[in-house]
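Read through the structure below, which is laid out as structure tokens, and then see the notes.
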Amino acid sequence: MKKRLSFALVTALLLVGLMACSSEDEGNATSDAGSSGELSGEVTMWTASLAGEPFDSYFADLEAAFEEMHPEVDVIIEDIPQNEIEQKVLTSLTGDDVPDVVNLAPRYMINIAAQGGLLELNDLVSEEVQNSYLEGPFEAGYFEEDLYALPWYLTTTVSWYNNDHFEQAGITETPQTTQEIYDTAKAITDATGKPSYYQIINQGDTVIEKMISIANGEPIVEEGKALLTENEEILEFFTLTQKMYEEGIMPQENAEGSFSTAQELFMANNVSLLESGVTFLGPIESGAPDVYNAAKAGQPLNALDAPMNVAVMNFSIPSKTDNPDAAVALAEFVTNAENQLEFAKVAGTVLPSTTESLEDEYFTNPGDSPKALGMLEASTSLERSKVLIPPVENSSELYEIVKMAFVKNIQGDITPEEALQEITEKWDASFEKAGLTPTF
Amino acid sequence: MKTKTQTKKIILYIVMLAICVVTVGPFLYTLFIALKPATQGIYDGLLPANPTFANFVDAFYKTDFLRYLLNTVIVTGIAVPFNLLFSSMAGYALARMNFKGRSIVLTLIISTMTVPFQLYMAPLFQIAGELGLRNSYVGLAVLQVSTAFGIYFMRQAFLTVPKELEESAYLDGANRFQVWWKVAMPLVKPTLISLAIYTFTFTWGDYLWPLINTTESSMYTLSIALAQMSQNFDGGNLKLISAASILTTIPSLLIFIWLQKYFISGQTDGAVKG
């Protein structure tokens, strides 16, 4: 009996495996445009971290609308977690299961394009379509003078502050210079007894963007040579952030410097003022309703004419796509003015990259909720926004150098002058090694 | 003398309490966040003012939890028994059978444990595609159906089984397969259970391979669904993410509690003979 049971067990195990095989993919076959010129075949689009409602319904409608326009095309839309999408695209390029359209942040786009993984769109997208996008975000799709992406949704920098803390400290206006940031933050900390200002660092890119905004039109790099030590305003920024950290005006956690830490501290009432994108309030609405209601948005904490960064989400087409015509058509369709406007309404905290959508009343008169106020300020600052850091191959190295120096500076391990000198020397060496001579 | 013993005891309890706070603390904190109602901020006090299961219900329905749970259960259901079967067969062969190149085979198997997954991820992706294992349960479980760790772990366990027991079975007319199945396997039961728990925990929480090897979100597992929630483009709802994390952890927790007696003894068994 036992022998039979043992045999049955082993057989059952093998059977489970064989049965499970039956659920495998039935095929990924796609085809090019039909001989008549009408689009046909399968086209797969990957979005980045846009799963669940309300996005599922939005994409289902989008898919149906495109399939109605092109009855021979079968659209498949899948969502991939944002942090792994670059790795997943790169891995897929080693095989045949490649998506046709991918939602990529510019830093991922540059890396994949540099490895020859993306299709050049220069001649595939008409001039009319190219002109429908805002200039700054559209330029974010370029790498080494070739177009590799079409812009989709945007976020640009605004300032976020806790109005209860502002009132407690008797502050009525957001600061516009580093000295004013110091004075404002110090007054709030004195009133609340808690840290008040947070400088997002992320990979170091946010600090670089801040330096470019502070330089206000003056280049911080000229033909591959850093000019940071010559800029008094940037030196003041490094000096005062070090002072704020030392005096407890900036929280200890600022040395870590991530966006999510900023959100957590803002939610916990341990930060009152910072610069960030419109999406900043995302988890705060549900995580800290009182703080959300007290949150207000303003223009970024710089001169009102200073250039601001715009963060762009793009759509690119992998070079191994089986269906380039349908892929381009789908990318154009998803990023057209009408669909971008609808997406911005669904998402609630992003801006469209098409000129026409921004003229809609939704952006000129969005309401008075904290998120809506953020949208209003963002659409105002969008007028002076562009991609501040050009797409260069050594960008990761540049970010890392700034991150290390900035953190050492705020912690007081080096002087502000030494920090800027360190960045200058390492950046110069990095540009020389890469053979690059950018100006920004 | 009595005071000295009592002091020792107190110190021991303090240390145990500290370890408990460090290990169980984050889990409880996540649970408290998940139980907080919409009106209470996650930093408004440690405990939920009016505990609610609303976040658990939302997490369950808003993420298509049932589908991902089913996928994860099937994948784990394939990985655990197959890993036990193949690892114990290979481990037994390496422990008991004399064949040319046995030590080389063992060294090769162990050395694969030192290679980072990212290094062979791309070729594996290609092979899985060519074998038709993309978007399939077997494809998702394939990395766990016979692991180097499992083989080594089982080999070590089989080395502790007295040879005399096996020899007497041979004398009674048993063949090698019967000796493996009827004599050796029952004696390494705690190790088998330990390996089952290891495989279960790893497969249940595996993230990168299931993500890479699926091009259809209907085949996603729970860990991917959790990543989708936490990487939401505007940061997501932390109460919902906490509730989903707890829901994802519960099966592992129940299985560990159920089998912990064997798990602990299996761990020590594996360490006896080197």
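These protein sequence lines map, in sequence, to chains A and B.
Residues in the first sequence are numbered consecutively from 1214, following our numbering.
Residues in the second sequence are numbered consecutively from 2, following our numbering.
Where a beta carbon is used, it is the ideal one built from N, C-alpha and C, also for glycine.
- By the neighbour-count criterion, in which a residue is buried when 16 or more other Cβ atoms sit within 10 angstroms of its Cβ, residue 109 of chain B is exposed.
- The continuous stretches of alpha helix (DSSP H) do not include residue 1365 of chain A, which lies in the beta strand (DSSP E) extending over residues 1362 to 1369.
- Setting aside the 5 residues that flank it on each side, residue 240 of chain B is surrounded in the same chain by 34, 35, 37, 43 and 56, each with a C-beta closer than 7 Å to its C-beta; the list follows chain order.
- The beta strand (DSSP E) runs lying completely inside the segment 1256 to 1339 of chain A and spanning 3 residues or more are 1286 to 1293 and 1314 to 1317, given in chain order.
- Residues of the segment 145 to 168 of chain B with a C-beta less than 7 Å from any C-beta of chain A: none at all.
- Just measuring C-alpha positions, the residue of B:64, B:204 and B:176 sitting nearest residue 231 of chain B is B:64.
- Looking at the DSSP output, residue 1521 of chain A bridges to A:1598.
- Taking the C-beta atoms as reference points, residue 1651 of chain A is found no nearer than 8 Å to residue 1525 of chain A.
- For the set A:1361, A:1455, A:1612 and A:1622, the Cα lying nearest the Cα of residue 1331 of chain A is the one of A:1361.
- The closest CA to that of residue 119 of chain B, considering only A:1557, A:1570, A:1329 and A:1301, is found on A:1301.
- Neighbourhood of residue 1313 of chain A in chain B, by CB distance below 8 Å: empty, with the nearest CB roughly 11 Å away.
- If you ignore the 5 residues before and after residue 1653 of chain A, its C-beta comes within less than 8 Å of the C-beta of 1425, 1432, 1433, 1434, 1601, 1602 and 1603, all in its own chain and listed in chain order.
- Taking each of A:1488, A:1286, A:1448 and A:1587 in turn and checking the Cα distance to residue 1409 of chain A, the smallest one comes out for A:1488.
- Annotation for residue 1471 of chain A: no beta strand (DSSP E) segment contains it, and DSSP assigns it neither H nor E.
- Taking all protein chains shown into account, residue 1411 of chain A has 16 or more neighbouring C-beta atoms within 10 Å of its C-beta and is therefore buried.
- According to DSSP, residue pairing for residue 52 of chain B in a beta bridge does not occur.
- With its beta carbon less than 8 Å from one in chain B, residue 1301 of chain A belongs to the interface.
- Here DSSP, grouped into helix, strand and coil, assigns residue 87 of chain B to helix.
- If you look at residue 165 of chain B, you'll find it isn't in any beta strand (DSSP E); it sits in the alpha helix (DSSP H) that goes 164 to 172.
- Residue 1331 of chain A has a beta carbon lying at 8 Å or more from every beta carbon in chain B.
- Across the structure, residue 96 of chain B and residue 188 of chain B are spaced so that their CA atoms are roughly 14 Å apart.
- When Cβ-Cβ separations below 8 Å define contact, residue 1418 of chain A makes no contact with chain B.
- Segment contact: the segment 1448 to 1467 of chain A against the segment 1392 to 1401 of chain A, three or more CB-CB distances shorter than 8 Å; contact assigned.
- Approximately 6 Å separates the beta-carbon atoms of residue 135 of chain B and residue 214 of chain B; this is inside 8 Å, confirming the contact.
- When beta bridges are read from the DSSP output, residue 1529 of chain A appears opposite A:1315 and A:1362.
- A:1310 is the residue among A:1358, A:1474 and A:1310 whose C-alpha sits nearest the C-alpha of residue 133 of chain B.
- Against chain A, a Cβ distance below 8 Å from residue 239 of chain B picks out 1496, 1499 and 1500.
- Residue environment for residue 1385 of chain A: exposed (fewer than 16 other C-beta atoms within 10 angstroms of its C-beta).
- When DSSP reads this structure, residue 1373 of chain A sits in a beta bridge with A:1487 and A:1510.
- Neighbours of residue 1480 of chain A in chain B, taken as residues at a C-beta separation under 8 Å, are given in chain order as 42, 43 and 44.
- Taking C-beta atoms as the reference points, residue 1536 of chain A and residue 1287 of chain A fail to come closer than 8 Å.
- Closest option to residue 158 of chain B, judged by alpha-carbon separation, among B:143, B:202 and B:91: B:91.
- The DSSP-derived three-state label of residue 1411 of chain A is strand.
- Take the alpha-carbon of residue 1422 of chain A and the one of residue 1522 of chain A: they are about 7 Å apart.
- In this structure the segment 218 to 229 of chain B lies against the segment 1290 to 1307 of chain A, because at least three pairs of beta carbons, one per stretch, are closer than 8 Å.
- Assignment of beta-bridge partners to residue 1254 of chain A by DSSP yields A:1286.
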